[in-house]
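Asker: Throughout the sequence shown, residue numbering follows our numbering, covering 59 to 659 in sequence.
For every residue, glycine included, the Cβ atom is placed at its ideal position computed from N, Cα and C.
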Amino acid sequence: MTSPGAGTATRERGALRRVAPPARRFLADRKGVLARLGAWSVAESAQTFLGGYGVAQAVDRGFLAGDTAAGLGWLGVAAVAVLLGAPVVTGVFAQLARLTEPLRDALVRRAVTRSLAEASARPGGGDRAAVSRLTNQVEIVRDSFAGLVLTLRSFVFTAAGALLGLFTLDPALLVVVVPPLAGGLALFLVTLRPMSAAQRRALAADEALGDHASRTRGALRDITACGTREEAARRGERLVEDAAVCARVLARWAAVRTLALGVAGQLPFLLLLLAVPWLRARGVGTGALLGAFTYLAQSLLPALHTLMTAIGAAGTRLLVVLDRITGTAPPVTAPHAPASETAPQAVSPPPPPPLRRSASTPTPAVELRSVTLSYGARAEPVLDSLDLRVEDGEHLAVVGPSGIGKSTLARVVAGTLAPGGGTVEVDGRPVTGRDPAELGALRALLPQQAYVFTSTVRDNLTYLCPDARTAELRAAVREVGADGLVARLGGLDAPLVPGDLSQGERQLLVLVRAHLSPARLLLLDEATCHLDAAAEARAEEALARRPGALLVVAHRMSSALRADRVVVLDGVGAVCGTHGDLLGRSPLYRDLVGYWGGTRE
C-alpha cells in the first residue's frame, strides 16, 4: 500500500518532470536577461557588505579611537551604500519584467491552445476550468514567479554580502548567528512537501466547488422539475466543507512555518545579545558587534523572512498551478471525504407516492382549464384562456413557430412556471405551488440541454429511478436504442465524464432515464433535437409505448406525424386535432408541414 507521503512525493516528482523541460527552455532563451539580473544582484551584495562594515569601522576606527573624521567618513560609506539601493532596485525590476511578462504571454497561449484542443476532441463538452486557467491561475503563476525570482536572488546575494561581512569582522560571529539561521531554514524546508500537497487539495476543492456550481446552474430546470434541490444543496454543502477542511490544513502548516520563521528570524538576534560577554572576551570589538547587529537587522533577517514567506506562499502555488496549466494534474481527493464522496453523486428524487385512480372515471393525464400566462403586466399573453385535456396513454405533439410558447406550455404543465390564471392538473392533482418532490413523482420534464453528471453510466440512467433492477435497466437501454452507446462507454458500471459525450449522446442517455422514470407523464421539450431522425423516431416510439402519457414539443414534422394528436400554437389561440384534421382546419399547420417537408424556399 502506498502511503500518502509517498503519493505526494510521486506527484511532486511528476510535476517537476513535466514543468522542468519547458522552464529550462524558457530560461535558456533569456540568458542575456539573467546575466543583467545577476550583475545588478552583485551590486546589491556589495551594498549589503558595505552597509554593516561601514558602521563597524566607523565605531572601532573612528569614534572609539578618537578619530571623528574617520568615523564620519565610514558612516558616509554606509550611507552611500544605502542610497545606491534605489538604482539597484530599479535595475532589478526592469530585468524582472523582461522575465515575467513573456512568461504570462506564453502561459495564456498554452492555456488557449489546450482549451481549443480539448473542445475539438470532445464536441459538445465544455472546459469549465479554462476561464480559471486564463485568468486566476495565469496571474498566480506570473505573480508567484516574479516573487520567487526577486526574493531568491535577493536572499542569495544579500546573505552572501552579510555573511562575508560577519566573517570579515570576526569569524566567531558566524558561530553564533549561522546555527539558528540554518535550523529555522531547515524546519521551513521540511514543510514544503506537505504544504504543496495541501495546496493541491485546496485547488482541487476550489475547482470541484466551482464545477458543481456551474453544473447546478446549467441544470436548475432539471433539478427543479425532478424535486432534487435538497440533494443538490447537500452536495454543495459537502464541497464547501471540503474546501474549508483544505483551508484549515493550510492554516496548520502555516503555523509551523511561522515557528520556523521565528527560529530563523528572531533567535539569531537573541543569541547574539546573550553571546556579547563571550564575544567581548574573545576580543570582538564594540564596532564589530554593532556591525553584526546591523547585518542582522537591516539585511540578513529581512531577506530570510521575505524568502520564507515567498517560498511558502508562492513557491508551492507556482509548481502546482503551473503544472495544472501546462499539463493534466492528477485527481486529488478531499482530506476527509470518503471514497464514495470524491466524485459527484447521482441526485435521486424521493420514491413516488402510490397513485390512486378511479376505475369508473378515468382521470386525464393532463387537464388545463382557462390557462392564461403573460411575461409582464402589459405584455400580450403567450397562453390565452387555453383549455387542453390529454388522456392517460395518449401521445401529444405541440408545434408552432419559434418563440410562440411551446416551451412555456411544457413548463406550465410541469409546474415549473405558474400561470397568471386558470388551473393546471396532472393526474387530477393541481401542480401550481406544489412541492417539487411531489411533482417529480407525477411527471418528468426533459429540456433541450440534457443533464448528465460525473459518476457511472448506471447512476446517470437511474437518476429518476434509483431502485431500478439491472434487467429493467438493460431493457430500457435496448428499447430507446442506447445499447450501442452504453457498450462503447464500457457498460453500465463504467465511469462517465460529461465532457466526453456529444450533445446527442447526452440526450440519448437522458431519454433512457425518462423511460425508467416512475412518472406517468413525460414532457419532452425538444429533448431529441441533437439526435438524427432514425434515433429520434426509435426513442419517441419507445417512450410512447411505456405506461402513461407523452407530450412532445416537436422540432421535426415526423414527431407530429407519430403523435395521436397535435396541438398547434399560433400566438392567438390553440388548435388541437389529428394530423389529417389539422391539414384541413389550420392554415398555420399546413404551412409548417410544407416548411418541414422541404417545399418552402
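(1) In the DSSP assignment, find the unbroken beta strand (DSSP E) run with glutamate 449 in it and report its ends.
(2) Considering only residues of the same chain and omitting the five flanking positions on each side of leucine 161, which have a CB-CB separation below 8 Å?
(3) In this structure, what does DSSP give as the bridge partners for cysteine 634?
(4) Tell me valine 138's beta-bridge partners as DSSP assigns them.
(5) When DSSP builds the beta bridges, which residues end up paired with proline 477?
(6) Is the separation between the beta-carbon of alanine 13 and that of alanine 455 shorter than 8 Å?
(7) Please name the residue in Val633, Asp264, Gly241, Gly110 whose C-alpha comes closest to that of arginine 315.
(8) Could you give the distance in angstroms between the alpha-carbon of proline 402 and the alpha-carbon of alanine 271?
(9) State the start and end residues of the unbroken alpha helix (DSSP H) segment that holds threonine 430.
(10) Whole angstroms are fine: how far does the CA of proline 229 sit from the CA of leucine 359?
(11) Using beta-carbon positions only, say whether leucine 239 and alanine 322 come within less than 8 Å of one another.
(12) If we call anything under 8 Å between Cβ atoms a contact, is alanine 423 one with leucine 579?
(13) Quick check on DSSP: helix, strand or coil for valine 651?
(14) Taking the CB atoms as reference points, tell me whether methionine 366 and phenylalanine 246 lie closer together than 8 Å.
(15) Are there 16 or more other CB atoms within 10 angstroms of the CB of glutamate 438, so buried, or fewer, so exposed?
(16) Could you tell me if threonine 727 is buried or exposed, where buried requires 16 or more neighbouring beta carbons within 10 angstroms of its beta carbon?
(17) Could you have a look at alanine 401 and say whether DSSP puts it in helix, strand or coil?
(18) Would you list the residues sitting across from threonine 514 in a DSSP beta bridge?
(19) Provide the residue span of the alpha helix (DSSP H) that contains leucine 579, from first to last.
(20) Could you check if serine 460 is buried or exposed, using at least 16 other CB atoms within 10 Å of its CB as the buried criterion?
(21) Which of helix, strand or coil does DSSP assign to leucine 646?
(22) Taking its Cβ as the centre, do 16 or more other Cβ atoms sit within 10 Å of alanine 220, making it buried, or is it exposed?
(23) I want to know whether the segment 95-105 touches the segment 143-151 - three or more CB-CB distances under 8 Å.
(24) Give a yes or no on whether the C-beta atoms belonging to arginine 564 and valine 510 are separated by under 8 Å.
(25) Any idea which residues DSSP pairs alanine 502 with across the strands?
(26) Let me make sure I understand the geometry here. Which of Ala164, Pro335, Gln324 has the alpha-carbon closest to that of alanine 361?
(27) Would you mind sorting leucine 337 into buried or exposed? The rule is 16 or more other CB atoms within 10 Å of its CB.
(28) So who's on the other strand from alanine 455, going by DSSP bridges?
(29) What is the rounded straight-line gap between the Cα of valine 633 and the Cα of alanine 302?
(30) Is it right to say tyrosine 433 is buried, meaning 16 or more other beta carbons lie within 10 angstroms of its own, or is it exposed?
(31) Since glutamate 483 sits in a beta bridge, which residues does DSSP pair it with?
(32) When DSSP labels each residue in this structure, what does leucine 441 get in the three-state scheme?
(33) Decide yes or no for the touch test of the segment 508-522 against the segment 549-566: beta carbon pairs closer than 8 Å, at least 3 of them.
(34) Measure how close the beta-carbons of leucine 354 and leucine 330 come, nearest whole angstrom, since I'm counting them as under 8 Å.
(35) Residues in the same chain with beta-carbon distance under 7 Å from histidine 363, minus the five sequence neighbours each way, listed in chain order, please.
(36) Taking the beta carbon of lysine 464 as the centre, do at least 16 other beta carbons fall within 10 Å, making it buried, or is it exposed?
Answerer: Here's the rundown:
(1) Run containing glutamate 449: none; DSSP gives neither H nor E here.
(2) Correct list, in chain order: Phe84, Val199, Arg200, Phe203.
(3) Under the DSSP definition of a beta bridge, cysteine 634 partners with Val625.
(4) None; valine 138 has no bridge partner.
(5) Under DSSP, proline 477 forms no beta bridge with any residue.
(6) Nothing can be reported for residue 13: it is not among the residues displayed for the chain, which extend from 59 to 659.
(7) Among Val633, Asp264, Gly241, Gly110, the Cα nearest to that of arginine 315 is on Gly241.
(8) Residue confidence is low: proline 402 scores 33 on pLDDT, short of 50, so the model does not pin down where it sits. No coordinate-derived value is stated.
(9) Going by DSSP, threonine 430 is part of no alpha helix (DSSP H) but of the beta strand (DSSP E) stretching over 424-431.
(10) Leucine 359 and proline 229: Cα-Cα distance of roughly 19 Å.
(11) It is a contact, given that the beta carbons lie within the stated cut-off.
(12) Yes. Within cutoff.
(13) Three-state result, valine 651: helix.
(14) In this structure, phenylalanine 246 lies closer than 8 Å to methionine 366 by Cβ.
(15) Glutamate 438 counts as exposed, since fewer than 16 other C-beta atoms from the protein chains shown sit within 10 angstroms of its C-beta.
(16) Absent from the structure is residue 727, since the part of the chain shown begins at 59 and ends at 659.
(17) For alanine 401, the predicted model reports a pLDDT of 33, less than 50, meaning its position is unreliable and no value from the coordinates is stated.
(18) Pro553.
(19) Per DSSP, leucine 579 belongs to no alpha helix (DSSP H); it is in the beta strand (DSSP E), 579-583.
(20) The residue is exposed, with fewer than 16 neighbouring Cβ atoms inside 10 Å.
(21) Leucine 646 sits in a helix when the DSSP states are folded into three classes.
(22) Counting every other CB atom within 10 Å of its CB across the protein chains shown gives alanine 220 a total of 16 or more, marking it as buried.
(23) The segment 95-105 and the segment 143-151 touch, with no fewer than 3 CB-CB distances between them shorter than 8 Å.
(24) Contact: yes.
(25) Residue pairing of alanine 502 in beta bridges, as defined by DSSP: Leu580.
(26) Ranking Ala164, Pro335, Gln324 by Cα distance to alanine 361 puts Gln324 first.
(27) In the assembly as shown, leucine 337 is a buried residue. Its beta-carbon has 16 or more other beta-carbons within 10 Å.
(28) Val610, Val624.
(29) In this structure, the CA atom of valine 633 is about 57 Å from the CA atom of alanine 302.
(30) Answer is exposed; the Cβ neighbour count stays below 16.
(31) Glu425, Pro488.
(32) In the structure shown, leucine 441 sits in a strand (DSSP, three-state: E or B).
(33) Yes, they touch.
(34) Between leucine 330 and leucine 354 the Cβ distance is about 7 Å, and since that is below 8 Å, they are a contact.
(35) Only Leu319, Gly323 meet the Cβ criterion.
(36) It counts as buried.
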